Amino acid sequence: MKRQQPPDRGVATYLCVERAYGHFRREITVTVPIDYKQAKAELKDGLLKIQLPKLTSKPEASVIPIL
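The numbering used here puts the sequence shown at residues 956 to 1022.
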């Protein structure tokens, strides 16, 4: 993804720039059980929206055979 330059509108002075551009990585720790099967993500107009619904039921136990 390349950053697009905004149209030139003359001389501008910025006091604060809140959004950087280019490659980045962000990690967060989620401290509650999440229903990963219902997780959704949407990228729209350069904004990534992630929905991680809480797990409403107890996780099911699974049996893993050892060979």
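Each residue gets a CB set at the ideal place from its N, CA and C atoms; glycine is no exception. Bear in mind that the values here come from a model prediction, so they are computed numbers and not experimental data.
Contacting residues, own chain, Cβ-Cβ under 6 Å from residue i (five flanking each side not counted)
| i | result |
| --- | --- |
| Ala-1007 | Correcting the residue type first, residue 1007 is Leu in the shown sequence and not Ala. Ile-989 and Ala-994, listed in sequence order. |
CA-to-CA distance, residue j to residue i, given in whole angstroms
| i | j | result |
| --- | --- | --- |
| Arg-980 | Asp-1000 | 18 Å |
| Leu-998 | His-978 | 15 Å |
| Glu-982 | Ile-1019 | 30 Å |
| Val-985 | Ile-1021 | 30 Å |
| Lys-1013 | Ile-1005 | 23 Å |
| Thr-1023 | Val-966 | Absent from the structure is residue 1023, since the part of the chain shown begins at 956 and ends at 1022. |
| Thr-968 | Tyr-976 | 18 Å |
| Glu-1015 | Lys-992 | 14 Å |
Close-in-space but distant-in-sequence residues of the same chain around residue i (CB under 8 Å, 5 per side omitted)
| i | result |
| --- | --- |
| Leu-1003 | Ala-996 and Glu-997 |
Spatial neighbours of residue i in its chain, beta-carbon cut-off 7 Å, leaving aside the 5 residues before and after
| i | result |
| --- | --- |
| Met-987 | Per the sequence presented here, residue 987 reads as Val, with Met not at that position. Contacts found: Lys-1009. |
DSSP beta-bridge partners of residue i
| i | result |
| --- | --- |
| Ala-1016 | Paired residue(s): none; Ala-1016 is not in a bridge. |
| Leu-1022 | In DSSP, Leu-1022 forms no bridge with anything. |
| Ile-1005 | Ala-996 |
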